[in-house]
Amino acid sequence: MSTLIADTAPPLLLSARGLVKTYGRGAAPAVAGVDLDIGERMFTTLLGPSGCGKTTILRMIAGFETADAGTISLDGVPLKGVPPERRPVNTVFQSYALFPHLTVFENVAFSLRLLSAVTNLEGRVKRALDAVHMADFGERYPHQLSGGQQQRVAVARAIVAEPRLLLLDEPLSALDRRMRAHLQVELKDLQRRLGIAFVYVTHDQEEAFALSDVVVVMNKGRIAQTADPRTIYSRPADSFVADFIGGATLVDGTVSAAGNGRASIATAIGPVDAPAVEGLAAGERAVLVIRPEALSLVPTGTGLPASVVHAVYQGERTMVEAVAQGVALRFADHAPPEVGETIGLSLDRERCFVTRIAA
Amino acid sequence: MTARLPALGRAHLALPVALLVGLGCLAPLAVLVIFSVFEVEDFELVPAFSGRAWAELFTTPSYWVLIGRALFYGAMTALLTGLAGYPVALALARLPAAWKGVAVVVLLTPLYTGEIVRIYAWRIVLGAEGLVNAVLEAVGLIDDPLKVLLFSPLTIGLVLLYNNLPFMVLAIWVSAEMVDRRLIEAARDLGARPISAFARVTFPLTLPGLAAGVFAVFALAAGEMLTPSLLGGTYGATAMAIIDNLFGTAFDWPLASALALALLVALFVAAVGLASLLLQTRGARAVLQRGRT
Amino acid sequence: MTVFSMNRREVLASLAAGAGLTVLGPMGRALAASDIVWATWDSNGHPEYVTAFEAKTGSKVKLSYLTSDDAQFAALKTGSASDWDIVNPSINGAWRYIKAGVLKPLDLSRMPGVAGMYDVFKTTDRVKGEDGATYAIPYLWGLNPIVYRTDVYAEEPTYSTLFDEKYKGQLAMRDYALESIAIAALHLGIPKEKAFLLDETELAEAKKVLIAQKPLLRTYWQTIGDLTNLFATGEVTAAFSWRVPYDALKDKMPVAMAKPKAGIMGWCDCFAIPASLPEEKMELAYAFGDYLLGADYAAIIAEIGNYATSSGIIRDTLTPEKQAAIFIDDLDVMSSFMWPVAPDNYSDWLKVWNEVKAA
Chain A
7 MSTLIADTAP
17 PLLLSARGLV
27 KTYGRGAAPA
37 VAGVDLDIGE
47 RMFTTLLGPS
57 GCGKTTILRM
67 IAGFETADAG
77 TISLDGVPLK
87 GVPPERRPVN
97 TVFQSYALFP
107 HLTVFENVAF
117 SLRLLSAVTN
127 LEGRVKRALD
137 AVHMADFGER
147 YPHQLSGGQQ
157 QRVAVARAIV
167 AEPRLLLLDE
177 PLSALDRRMR
187 AHLQVELKDL
197 QRRLGIAFVY
207 VTHDQEEAFA
217 LSDVVVVMNK
227 GRIAQTADPR
237 TIYSRPADSF
247 VADFIGGATL
257 VDGTVSAAGN
267 GRASIATAIG
277 PVDAPAVEGL
287 AAGERAVLVI
297 RPEALSLVPT
307 GTGLPASVVH
317 AVYQGERTMV
327 EAVAQGVALR
337 FADHAPPEVG
347 ETIGLSLDRE
357 RCFVTRIAA
Chain B
32 MTARLPALGR
42 AHLALPVALL
52 VGLGCLAPLA
62 VLVIFSVFEV
72 EDFELVPAFS
82 GRAWAELFTT
92 PSYWVLIGRA
102 LFYGAMTALL
112 TGLAGYPVAL
122 ALARLPAAWK
132 GVAVVVLLTP
142 LYTGEIVRIY
152 AWRIVLGAEG
162 LVNAVLEAVG
172 LIDDPLKVLL
182 FSPLTIGLVL
192 LYNNLPFMVL
202 AIWVSAEMVD
212 RRLIEAARDL
222 GARPISAFAR
232 VTFPLTLPGL
242 AAGVFAVFAL
252 AAGEMLTPSL
262 LGGTYGATAM
272 AIIDNLFGTA
282 FDWPLASALA
292 LALLVALFVA
302 AVGLASLLLQ
312 TRGARAVLQR
322 GRT
Chain C
23 MTVFSMNRRE
33 VLASLAAGAG
43 LTVLGPMGRA
53 LAASDIVWAT
63 WDSNGHPEYV
73 TAFEAKTGSK
83 VKLSYLTSDD
93 AQFAALKTGS
103 ASDWDIVNPS
113 INGAWRYIKA
123 GVLKPLDLSR
133 MPGVAGMYDV
143 FKTTDRVKGE
153 DGATYAIPYL
163 WGLNPIVYRT
173 DVYAEEPTYS
183 TLFDEKYKGQ
193 LAMRDYALES
203 IAIAALHLGI
213 PKEKAFLLDE
223 TELAEAKKVL
233 IAQKPLLRTY
243 WQTIGDLTNL
253 FATGEVTAAF
263 SWRVPYDALK
273 DKMPVAMAKP
283 KAGIMGWCDC
293 FAIPASLPEE
303 KMELAYAFGD
313 YLLGADYAAI
323 IAEIGNYATS
333 SGIIRDTLTP
343 EKQAAIFIDD
353 LDVMSSFMWP
363 VAPDNYSDWL
373 KVWNEVKAA
C-alpha cells in the first residue's frame, strides 16, 4: 500500500494549512497548527487518543467549527465562510444522528428532498440502501433498528447525495466487537466501490490499520506522523506513535552513532544497532522500539537472561512478559515458559527501530 | 384462597393511587352531577331530581356565549403564547448552562408576584394616565390617551398572553432541550439551511412540548376569572364569574353545577382535541416512543 | 360594613372553609363564659370600638372578621361557625337568615337602648319573622352615594348621569345585579318604591338601557378597593359607589358624594344571635347588643370610622360638620332611603344581569 502512495499519488482533494482551534480563553489549543492533505479516493484515518484534536479537525472540514487560524480548501476552493449545507461533504456521526421522526427511507432521502430538482429520488435512495444491505428496511423507524442497522442507514444517508468527501466520526465505536469487525469490512468494500474519499476518525489503532490507505496519528493537537499503516507500525516517527500503536517495549537510551538510516543506541539491555528514524545525532537521547516479533526464545544460558513475570494464554499463542535488566519485554510463543522461570531471549535488531522521544 | 393472595397483594399496591384519583377527581364531578339535578328550597339542597337547571342552562344563550368566550380565550392564548414562546424557548435551550438558571428566574419571577399585584401593575402601565400613554403623549404620538389599552378585549388578550407565556415557554423549552443537537448538525450537513433544519427537525421534535404547553395554557386562560373581570372592563364577564355568582349570591347550586359541568366538558374536549392533534404528528410520536425500544 | 358583600373570589373558598377568619384562632373554642365572639366586618369592629364594653363588663370581646355575607350565611347554615356568639346579617339579607332558622328570636325588653333608635330602624319589618318576632336589631348604617370628581361635573350627578353619552369612558357601575338594575329602573323614571319590584317588561327595559350603557362605562367595579384605585388613577370620574373612595381621596383630589333625589341606596348592619347560642351566654350577648346601640360605640365609630349608628343618642353632641359627614345633619335623608333587597324574582334579575354582561 505504501507503493500506492509513492507511485500513483492521487490528485489532491482537500488541503488544510496551519489549522488552529482553541476552545475558551487560556485553554490548551485543541488543534495546534495542522497541515493535512487528502487525496481523491483515499481512505484517510485520523488516529489518536481522546482530546488529540481529531474530531475537531473533522468538524472544521464539515463546517461545524470555524478555525481560529489556517485555511481549508476543497478542490482548490477555500471553504472559509461556506456553511455546512453548502459543502460537498457529508458526515456519518458517532451516534448516527438519525432523525427519529422519519422512516429509514425518508432519512436517506433527506438531502435529496432539499435539492430543487432531483430526478429518480426513489431509485437513488434504493440504491444507497442497497449499498448498505438495508433495502428491505425503508419503512421502519430508527428506533425499530439495531445499532448496526442504524449505522448502515447513517452511511446510506451520507452517501446518497454523492459527496466529494465522506467524514466518519468514530462510526463503529458504539457497536460490539463482532459487529464492528463485520462493518469494517463492509465500509472498506463500500469505499472502494464508490470511489469517494473517506476521512475516518478513530482511537482504535487496529481499526485504523484495517481500513486506511493513510493514517494520520495525532497527539495534543498536532500531527505526529502521516503514513501508510505499515510504515506507522514499523517506522514510528516518535515514541508517542510507537507507544500508541501498542504492543512494543520502549527502552530509553543514548545514541552513540547515527547515519544511513541506522543508529547505535546504548540501553539498559546493552548496545543495539538498528534501523532508525532520520536525523538522529550522536549523544542524543532516543528510544529503542522492540516489537514482540523481534524477540524469540533461546536455550537458557544463551542470549539475554530474563525472568518470566506474566504469561497470558491467547489461543494459538501465548503473550509472555519477561524482565531483563529491569526492562519488561513482551513477546509471543507457542510453547510458553512458566512464570518465575529464567529464560534466554534473542533480539532481532533488524526488526527493532530507534526513534525520537516525543515532545 | 392462598392461590389468590399474590394477586390481592398487587391490587393493594394500586389501591392508594386509585383512591386518590377517585377522591381528587371523580368525586367532585359526581357531586356536581348530583347537585345539578337537585332543587334549592329555603337555602337547602333538596334531592328533587329536577331537570330545571339543565333546561335553564340550555335555554339561556348568554351562558353559551360565555362558554364560547372561555374557549376562545383559551384557544387564542394558546396560539399567541405558542407563537411568542417558541422563539424564546429555543433561545433558552441554546444559552450556556450557567445562563439558563438566570433565564428561568427571569422567566418565572412574574409568577411569584401574585395575580392581584400584577393586575394593578397593569393598570399603572396601561391606564389613561399610565406609563404607556404618558410616554406616547410625551413624544407627541398621541394627543389624547389611548383608552383602548385598558378595559378592552385587547387588554384581556395581552394580559392572558403575559400571564401564560411562562408556562408555554417552560413546556417547549424542556422539549427543545431534549432535541439532540447533533440532529440539527446532521440536517445542516445534509444540505438544510438553518430555517429548513428547524422546520424539518427541531419543530417536529418539539411538538410534544408544544402540546403540553397548549394543554396547560388553554386550561389556564379559559378558566381565568380575575384578569378579565378586573382588566377587561365591560367585556370582562366570564363563565367562571357567573358560576361563582350562582353558587354564592344567587344560591342556585343546581344551575351553578350544571354550568360548571358544561364548561368543564367543553374545555376538556377542546383541550384534549387540540393537544392530541399535535401528538398525532410523527414527530411527537417518535419522541414519545423513544423510551420504549 | 358591606351590606351585600360580594367578594367573589372568596365565596367558594369561604363556603368550603365554612367560616370567616377567626382572629384569635382555635383558642376561641375554649372561651370562658365571660368571653364573647363577635362575627362582623373589620370596619365595624376595630378592637378599640369594644374596649369600653370590656371595661364595663369585665368580659373579653373576640373579633372574628367576615369575608362575605354569603360566607357568613353558609357558615351558620352548615353549623361550621359554632364559636360565633353574635353575628352580623344585613338588614336586607336578614330575611334569609330568619327563613333558614339560624337566628334566635330577640327579647327587646332586655335591650333598653332600643328606645333611642331612629324610627326608620325601630319600625322596620325587615328584621321580623312571619311569627312577628324580631330576629335582628339594626345598629350601624350608611348610604351608598355617587362619588364624583367636582372638577369634571359642574352639577351634582344623578343616576341619569351614569347613562350620559357626554361622560363616555369615565363612568363605572358596580358588578352587582340588584343595585345596577335598580339604578337603571330609577334612570327610567320608575319610582324608588318600585325599583326593586320590577315586572318582566320593566326588567326588559332596564336590560336595554344597561346594554346601551356598556360602551359608556370604563368598567364594572368588583371591590371597593378596586373602585378607589380607579378614581385614584383617573380612570373613572363618577360611579355608583360606597363612601370609601371619598374618604380615601378627598385630601388628594376634588371628589364629592352625591345623594340622588331619585332615591338613596342605604346599607344597614344588624345585631343578631345565632339560634345555637347556649342560654348561659344570652345575658352577655344582650348586653353587647345594647352596647352597640349606646353612646360609647356611637361616639367612637363616628369619630374614627365616619359611620352613624341606628341610635340618635349622641347626635346632638356632635359638631355640624361631623353630623354632615355621617349623613345625620338632615334627618329627612332617612325617608328617601331605599333598601336594596332581593325580590322574589331575583333569579330573573341575575339572568338579566348576566345577559347584560355577556352582551
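Protein chains in written order, with my numbering: chain A, 7 to 365; chain B, 32 to 324; chain C, 23 to 381. Just so it is clear, CB atoms sit at the ideal spot from N, CA and C, and this is done for glycine as well. Bear in mind the structure is a predicted one, so any value in this text is a computation, not a measurement.
Please report the straight-line C-alpha distance between A/VAL124 and B/GLN320, rounded to a whole angstrom.
32 Å
Assuming the contact rule is C-beta atoms closer than 8 Å, A/VAL166 and A/SER218 should be a hit. Round their C-beta distance to whole Å, please.
Their Cβ separation, rounded to whole angstroms, is 24 Å, which puts A/VAL166 and A/SER218 out of contact at 8 Å.
Does the beta carbon of C/GLU257 sit closer than 8 Å to a beta carbon anywhere in chain B?
yes
Alpha helix (DSSP H) segments (min. 4 residues) lying fully within the region 216-259 of chain B:
225-228 and 234-253
Is the region 346-356 of chain A touching the region 295-315 of chain A, taking contact as three or more C-beta pairs under 8 Å?
yes
Please name the residue, chosen from A/VAL114, A/GLU344 and A/ALA15, that lies closest to A/ALA134 on a Cα-to-Cα basis.
A/VAL114
Does any C-beta atom of chain A lie closer than 8 Å to the C-beta of B/GLN311?
no
Cβ pair C/GLY164, C/PHE349 closer than 8 Å
yes
Between which two residues does the beta strand (DSSP E) carrying C/MET279 extend?
277-280
In whole angstroms, what is the alpha-carbon distance linking A/VAL278 and A/PHE246?
21 Å
N-terminal and C-terminal residue of the beta strand (DSSP E) that A/VAL329 is part of:
324-330
Return no unless some Cβ of chain B is closer than 8 Å to the Cβ of A/PHE208.
The question names Phe, but residue 208 of chain A is Thr in the sequence shown. False, the Cβ-Cβ gap to chain B never drops below 8 Å.
Is it right to say C/TRP371 is buried, meaning 16 or more other beta carbons lie within 10 angstroms of its own, or is it exposed?
buried
Assign A/ASP136 to one of two classes, buried (16 or more other C-beta atoms within 10 Å of its C-beta) or exposed (fewer than that).
exposed
Just verifying my parser: in three-state terms, what is the DSSP assignment at A/ALA254?
coil
Going straight from the alpha carbon of C/PHE95 to that of B/GLU75, what length do you get?
12 Å
Is the Cβ of C/LYS236 closer than 8 Å to any Cβ of chain B?
yes
Cβ neighbours of A/THR208 in the same chain (closer than 7 Å, five flanking residues each side left out)
THR51, LEU53, GLU176 and ALA214
So A/LEU353 packs on A/LEU310, CB below 8 Å; how close in whole Å?
7 Å
Count the C-beta pairs between the region 173-190 of chain C and the region 201-210 of chain C that are closer than 8 Å, then say yes if the count reaches three, no if not.
yes
Min CB distance C/TYR87 to chain B below 8 Å:
no
My guess is that B/LEU185 and B/THR108 are in contact by the Cβ rule of under 8 Å, so how many angstroms apart are they, rounded?
That pair is no contact at about 13 Å.
Report yes if the C-beta distance between B/LEU295 and B/TYR94 is below 8 Å; otherwise report no.
no
Chain C residues whose Cβ lies nearer than 9 Å to that of B/GLU208
Neighbours of B/GLU208 on chain C: none; closest Cβ ~37 Å, over 9 Å.
Taking the straight line between their C-alpha atoms, what separation do you get for C/TYR329 and C/ALA346?
11 Å
Tell me, please, whether the CB atom of B/LEU177 is closer than 8 Å to any CB atom in chain A?
no
Contact list for B/PRO235 against chain A, beta-carbon separation under 8 Å
HIS107
By a C-beta neighbour count over all protein chains shown, 10 Å radius and 16 as the cutoff for buried, is B/LEU310 buried or exposed?
buried
Looking at the C-beta of C/ALA122, does it have a partner C-beta in chain B at a distance below 8 Å?
yes
Relative to the C-alpha of A/ALA162, which candidate in A/ARG268, A/ALA263, A/VAL110 and A/GLU212 has its C-alpha closest?
A/VAL110
C/LYS373: first and last residue of the uninterrupted beta strand (DSSP E) it sits in
Looking at the DSSP string, C/LYS373 is not in any beta strand (DSSP E); the run it does join, the alpha helix (DSSP H), is 368-380.
In terms of alpha-carbon separation, which member of A/VAL131, A/ASP234, A/ARG93 and A/TYR29 lies closest to B/ASP220?
A/ARG93
Evaluate the contact criterion for the region 113-131 of chain B versus the region 192-209 of chain B: three or more CB pairs, one atom per stretch, below 8 Å.
yes
Answer with buried or exposed for C/GLY154, where buried requires no fewer than 16 other C-beta atoms within 10 angstroms of its C-beta.
exposed
Is B/GLY240 closer than 8 Å to B/LEU202 when the C-beta atoms are compared?
Per the sequence shown, the amino acid found at residue 202 of chain B is Ala instead of Leu. Result yes, Cβ atoms of B/ALA202 and B/GLY240 sit closer than 8 Å.
Counted within 10 angstroms of its Cβ, other Cβ atoms place A/GLN331 as buried (16 or more) or exposed
exposed
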